[in-house]
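*Asks:* Have a look at the structure that comes next, please.
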Amino acid sequence: MTDPASEIILHNYPQSPVAEKVRVAFGIKGLAWRDVEIPRITPKPMLTPLTGGYRRTPVMQIGADIYCDSQCIIRELERRHPEPSYMPTPEAGLMWCLSRWTDGALFDLAVKLVLGSAGDTLPKDFAEDRGRLYLGEDWAEGLKRANAQLPHLVAQMRAPLAWVDDQLKDGRAFLLGPAPAAIDAQIYYVVWFIRGRWEGGPTMLSEFPNLVRWEDTVRALGHGAASSMSPEDAIARARGLEPTAETGVAPNDPQGLAVGASVTVHPDVDGGEQPVAGTLRFANAETIVVERNAGDIGTLCVHFPRAGYRVERT
Ligand SMILES: N[C@@H](CCC(=O)N[C@@H](CS)C(=O)NCC(=O)O)C(=O)O
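Count along the sequence shown from 1, then add 31; that gives the number in this note's numbering.
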């Protein structure tokens, strides 16, 4: 039986593409995990008490440590479960650079394609929530613009799909060779999203036979071994354990951060998201950890990536 202190819990919902990235990442390492289903839109009353306000999907929990953002989750999985590595070639640094593009420009494009082509068919509350999150305050205009520009958006998506197809044309199983890598999950989830949620997806993807073969290979990796868990049990797990995050700040911190400083952290985009407040426990170039008192749940550590997140001193 897995030790409760190290058991992986993923707060997610089946339709989430970014959660699919992490589920594939579990498959690559063959990990066992507990599946907690969360709502698709706010409020998320059984999630935000753990995160301190962060509402995006997915969130990973291990005991009283809460990992926000798939970037942070993949890094932590690699640290705790190094074999088989998410970085099977010597290009780890470049692969992280590339993942910032797949999570940024490429995913944003996919969201515009999916939301823009759905037009008025989306439920109003869902359209407003996602519109605001990905297109900012002017989301209604943004959705109309996306709808009017669909052929342009498709052309923007088709180019990178052609690059992926080209990368696979020598018959390799995965993007970097015979072994699956983080970058497979980091590109696959965008393809999974457009195939499943954009009506033009399957036809457009069928132009790329190597990519379609690779999709099948990645799908066959599976999602590791999932078993469901109630949100109440996940919260009880956090209550019963202490965080394990390291304490310290790496030298030359550009913001002069120090352990114990009062800070807030939130995604560095115009999505109107609630900052998570607490005291700084750890910071280096890639990660920031905030310690917070979560009332009757006790002390929690909330981990974020540094890239893509804004840290403010309060
Ligand atoms: N940078 C984040 C992005 C997460 C994200 O935007 N997830 C989408 C779902 S795929 C989301 O949070 N949607 C709103 C929600 O689930 O409430 C990550 O990599 O985890």
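Note that the Cβ used here is the ideal one computed from N, Cα and C, for glycine as well. Please read these numbers as outputs of a predicted model, since none were measured by experiment.
At 4 residues or longer, and completely inside the segment 302 to 329: list those alpha helix (DSSP H) runs for me, N to C.
*Replies:* If we require 4 residues or more, the segment 302 to 329 turns out to have no alpha helix (DSSP H) run fully inside it.
*Asks:* Helix, strand or coil for residue 98? Go by DSSP, reduced to three states.
*Replies:* In the structure shown, residue 98 sits in a strand (DSSP, three-state: E or B).
*Asks:* Relative to ligand 1, is the shortest distance from any of its heavy atoms to the C-beta of residue 133 smaller than 7 Å?
*Replies:* Outside the cutoff, so no.
*Asks:* When the distance is taken between beta carbons, is residue 313 closer than 8 Å to residue 279?
*Replies:* Contact: yes.
*Asks:* Would you mind giving the Cβ-Cβ distance between residue 144 and residue 184, rounded to the nearest angstrom? I have them listed as a contact below 8 Å.
*Replies:* Their Cβ separation, rounded to whole angstroms, is 5 Å, which keeps residue 144 and residue 184 in contact under 8 Å.
*Asks:* When you compare each of 211, 214, 242, 213 to residue 226 by their alpha carbons, which one comes out closest?
*Replies:* It is 242.
*Asks:* Using only alpha-carbon positions, find the residue among 323, 206, 67 that is nearest to residue 263.
*Replies:* If we check each option's Cα against that of residue 263, 67 comes out closest.
*Asks:* What are the start and end residues of each continuous alpha helix (DSSP H) run of 4 or more residues lying completely inside the segment 73 to 158, in chain order?
*Replies:* Whole alpha helix (DSSP H) segments, 4+ residues: 79 to 82, 101 to 111, 123 to 132, 138 to 149.
*Asks:* Since residue 254 is in the alpha helix (DSSP H), which residue starts that stretch and which ends it?
*Replies:* It is not in any alpha helix (DSSP H) - residue 254 carries neither H nor E in the DSSP assignment.
*Asks:* Can you check whether the CB of residue 341 is closer than 8 Å to the CB of residue 299?
*Replies:* Contact flag set, yes.
*Asks:* Ligand 1 and residue 33: does any heavy atom of the ligand fall closer than 7 Å to the residue's C-beta?
*Replies:* Not under cutoff, so the answer is no.
*Asks:* Using a threshold of 8 Å, state whether the C-beta atoms of residue 245 and residue 207 are closer than that.
*Replies:* Cβ distance not < 8 Å, so residue 245 and residue 207 don't count as in contact.
*Asks:* Is there at least one non-hydrogen atom of ligand 1 closer than 7 Å to the beta-carbon of residue 48?
*Replies:* Because some heavy atom of ligand 1 lies under 7 Å away, the Cβ of residue 48 counts as near it: yes.
*Asks:* Between the alpha carbons of residue 121 and residue 33, how many angstroms are there, rounded?
*Replies:* Each residue's Cα considered, the two are about 32 Å apart.
*Asks:* Taking the alpha carbon of residue 125 as the reference point, which residue from 189, 160, 213, 190 has its own alpha carbon closest?
*Replies:* Cα-wise, what sits closest to residue 125 is 213.
*Asks:* Quick one: does residue 135 have its CB under 8 Å from some CB of chain C?
*Replies:* This model lacks chain C altogether, as it is built from one protein chain only.
*Asks:* Could you tell me the distance, in whole angstroms, from the CA atom of residue 14 to the CA atom of residue 43?
*Replies:* Outside the shown range of the chain, which is 32 to 345, sits residue 14, and nothing can be said about it.
*Asks:* Can you give the Cα-Cα distance for residue 334 and residue 289, rounded to whole angstroms?
*Replies:* Spanning the two alpha carbons is a distance of roughly 16 Å.
*Asks:* For the candidate residues 331, 339, 338, whose alpha-carbon lies nearest to that of residue 93?
*Replies:* Closest option to residue 93, Cα to Cα, is 331.
*Asks:* Looking only at DSSP bridge pairs, what is residue 295 linked to?
*Replies:* According to DSSP, residue 295 bridges with 308, 343.
*Asks:* Starting from the C-beta of residue 220, find all residues in its chain whose C-beta is less than 6 Å away, skip the five residues before and the five after it, and write them out in chain order.
*Replies:* Excluding sequence neighbours, residue 220 sits near 48, 51, 52.
*Asks:* Rounded to whole angstroms, what's the CA-CA distance from residue 275 to residue 161? Just pull it up for me.
*Replies:* Approximately 34 Å, taken between the alpha carbons.
*Asks:* Is there contact here, the segment 80 to 97 with the segment 176 to 196, by at least three beta-carbon pairs under 8 Å?
*Replies:* No, the segment 80 to 97 does not touch the segment 176 to 196.
*Asks:* Please check the pair residue 248 and residue 204, which I expect to be a contact at CB under 8 Å, by giving their CB distance rounded to whole angstroms.
*Replies:* So it is a contact: roughly 5 Å between Cβ atoms.
*Asks:* Considering only C-alpha positions, which residue in the set 118, 89, 116, 201 is nearest to residue 104?
*Replies:* That would be 89, whose Cα lies nearest to the Cα of residue 104.
*Asks:* So does residue 101 have its beta carbon nearer than 7 Å to some heavy atom of ligand 1?
*Replies:* The answer is yes for residue 101.
*Asks:* Note down the Cα distance separating residue 327 from residue 271, rounded to an integer number of angstroms.
*Replies:* Each residue's alpha carbon lies about 11 Å from the other.
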